[in-house]
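J.: Please see the structure below; I have some questions.
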């Protein structure tokens, strides 16, 4: 750091940027390696019970999926209604 | 009971072999029977860093394939008592590192040694996976730099899921962070991740900070583990690291850097 640099505006703090980027990418990658949260099976079971009050469906017709993208999470529910009704409901 | 320690990082060039050499040397200096194994089949370098490259006759793969016994392959360090080196093969390919073979050799070494230090190759391929698979503890070598920190986190994930301990539901591999090539002045200026930043991201206990130091290159030129250059900053930092590993409660040095005087700041230098 010489005389000229001493009077110049301090450079942008690149380490802060590095830390922020790392925190995001590391959280994301850890999310990918962890298995789904432990409440998912219970959620799926309860959803099944609610839908069953109205439509006869079985376990395999409810799909619950959790995705993490960037800073947010997407909970995806996919319920396939029985064929005789000739309709397939999808909620998201 | 012997302890198996892997020195790993994911990323290459961060100081795994330098750390393995100094860590093993430090343990032996303190009286523990120690062996350091090079797992980098095809790209061995531990022998050069330890200064025993001209004494390699048989290697790790020879022992795995029963072409030589351990006594023939182990190289006894000429400077430090209780220290032995098991070099990697320079010619075979990594497929020769079988889980059964590695386990057999490690079990045999555990009969005679107190510490078995496994110097992992870079990457997450077979050599790296075999180096960490049987580990009880891990030194994760990280530089204060984005790609190194990310790769270290990846390796932590592998230690927690693909090691023998993880697969058999035993207590997890004990993790230690070694932050190497640290330049406190640059960190203070905001140009480099600080020790605290890296600790916050990786979330594992800090075993030691090794300052960026010309002594590391100089000692590798000479084939002397830098810990034997006790007068150097990096050598002293490795000495502290080994003592801390053995349970001494030492404050971390080399994290602050030198305060520059006004004139030094004005006219540069350093």
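Protein chains in written order, with this note's numbering: chain H, 1331 to 1422; chain F, 2 to 271.
Ideal Cβ positions, reconstructed from N, Cα and C, are used throughout, including at glycine.
Note that this is a predicted model, so its numbers are computed, not measured.
Straight-line CA distance for residue 1422/H to residue 155/F?
T.: Confidence at residue 1422/H is low in this model, with a pLDDT of 48, below 50, so the placement of that residue is unreliable and no value is reported for it.
J.: Beta-carbon of residue 147/F versus every beta-carbon of chain H: anything under 9 Å?
T.: Closer than 9 Å: yes.
J.: What three-state label does DSSP hand residue 181/F in the structure shown?
T.: Strand.
J.: So residue 119/F and residue 6/F are in contact, right, with Cβ under 8 Å, and what is the actual spacing, rounded?
T.: Indeed they touch by this definition, with Cβ atoms about 7 Å apart.
J.: Let me know if residue 131/F comes out buried or exposed under the rule of 16 or more other beta-carbons within 10 Å of its beta-carbon.
T.: Counting Cβ neighbours within 10 Å, residue 131/F comes out buried, since at least 16 surround it.
J.: Going by DSSP, name the residue or residues bridged to residue 176/F.
T.: Note: residue 176/F sits in a beta bridge opposite 139/F.
J.: Ignore the nearest five residues each way along the sequence and tell me which others in residue 60/F's own chain have a CB closer than 7 Å to its CB.
T.: Excluding residues within five positions, the ones whose Cβ falls inside 7 Å are 74, 88, 89, 90.
J.: 9 Å is my cut-off, CB to CB: does residue 150/F come that close to chain H?
T.: Cβ-Cβ to chain H under 9 Å: yes for residue 150/F.
J.: Please list, in chain order, the chain F residues whose beta carbon lies closer than 9 Å to that of residue 1359/H.
T.: Going along chain F in sequence order, the residues near residue 1359/H (Cβ under 9 Å) are 151, 154, 155, 158.
J.: Just tell me which of 49/F, 193/F, 83/F has its CA closest to the CA of residue 28/F.
T.: Checking every option, the nearest Cα to that of residue 28/F belongs to 83/F.
J.: Cβ of residue 188/F within 9 Å of Cβ of residue 142/F?
T.: Not closer than 9 Å, so no.
J.: How should residue 1416/H be labelled, buried or exposed, when 16 other C-beta atoms within 10 angstroms of its C-beta is the threshold for buried?
T.: In this prediction, residue 1416/H scores a pLDDT of 49, lower than 50, which makes its location untrustworthy; the coordinate-derived value is nonetheless stated afterwards. Under this definition residue 1416/H is an exposed residue.
J.: Could you give the first and the last residue of the continuous beta strand (DSSP E) run that contains residue 128/F?
T.: Taken as a continuous stretch (DSSP letters only), residue 128/F belongs to no beta strand (DSSP E), being part of the alpha helix (DSSP H) at 127 to 134.
J.: Given a cut-off of 9 Å on the beta-carbon distance, is the pair residue 19/F and residue 217/F in contact?
T.: Yes, they are a contact pair.
J.: Please specify which runs of the beta strand (DSSP E), each continuous and at least 3 residues long, are wholly inside the stretch 176 to 225 of chain F, giving them in chain order.
T.: 207 to 212, all fully within the stretch 176 to 225 of chain F.
J.: Terminal residues of the continuous alpha helix (DSSP H) containing residue 1380/H?
T.: Taken as a continuous stretch (DSSP letters only), the alpha helix (DSSP H) holding residue 1380/H covers 1370 to 1382.
J.: Within the 9 Å Cβ cut-off, does residue 6/F reach chain H?
T.: No - not a single Cβ of chain H is within 9 Å of the one on residue 6/F.
J.: Let me know the alpha helix (DSSP H) ranges lying completely inside the stretch 36 to 120 of chain F, each 4 residues or longer, listed in chain order.
T.: Qualifying alpha helix (DSSP H) stretches, in chain order: 47 to 51, 61 to 65, 71 to 74, 100 to 113.
J.: Check each candidate in 145/F, 253/F, 162/F and name the one with the smallest Cα separation from residue 12/F.
T.: The option with the nearest alpha carbon to residue 12/F is 145/F.
J.: Taking C-beta pairs closer than 7 Å, name the residues in chain F that residue 1352/H reaches, listed in chain order.
T.: Correct list: 147, 150, 151, 202.
J.: If you drop the 5 nearest sequence neighbours on each side, which residues of the same chain put their C-beta closer than 7 Å to that of residue 1370/H?
T.: Once the five neighbours on either side are set aside, the close Cβ partners of residue 1370/H are 1394, 1396.
J.: Which one of 30/F, 76/F, 149/F, 186/F has the shortest CA to CA distance from residue 1355/H?
T.: The residue with the shortest Cα to Cα distance from residue 1355/H is 149/F.
J.: Along chain H, in chain order, which residues have C-beta atoms closer than 7 Å to that of residue 193/F?
T.: Result: 1345.
J.: Helix, strand or coil for residue 1402/H, going by three-state DSSP, please let me know.
T.: Looking at residue 1402/H - three-state DSSP - the assignment turns out to be strand.
J.: State the DSSP-derived secondary structure class of residue 1387/H, mapped to helix, strand or coil.
T.: Looking at residue 1387/H - three-state DSSP - the assignment turns out to be coil, as it is neither helix nor strand.
J.: Step through the CB atoms of chain H and report whether any lies within less than 9 Å of the CB of residue 188/F.
T.: Closer than 9 Å: yes.
J.: Taking buried to mean at least 16 other C-beta atoms within 10 Å of its own C-beta, is residue 1402/H buried or exposed?
T.: Residue 1402/H is exposed by the Cβ-count criterion.
J.: Candidates 160/F, 4/F, 9/F: which alpha carbon is nearest residue 173/F's?
T.: Of the listed residues, the one whose Cα sits closest to residue 173/F is 160/F.
J.: Measure from the alpha carbon of residue 114/F to the alpha carbon of each residue in 256/F, 39/F, 85/F, then state which is nearest.
T.: Nearest option by C-alpha distance: 85/F.
J.: Going by beta-carbon coordinates alone, are residue 16/F and residue 1344/H separated by less than 9 Å?
T.: Contact: no.
J.: Pairing CB atoms from the stretch 1383 to 1393 of chain H with CB atoms from the stretch 101 to 110 of chain F, are three or more of them under 8 Å?
T.: Contact fails: fewer than three Cβ-Cβ distances are below 8 Å.
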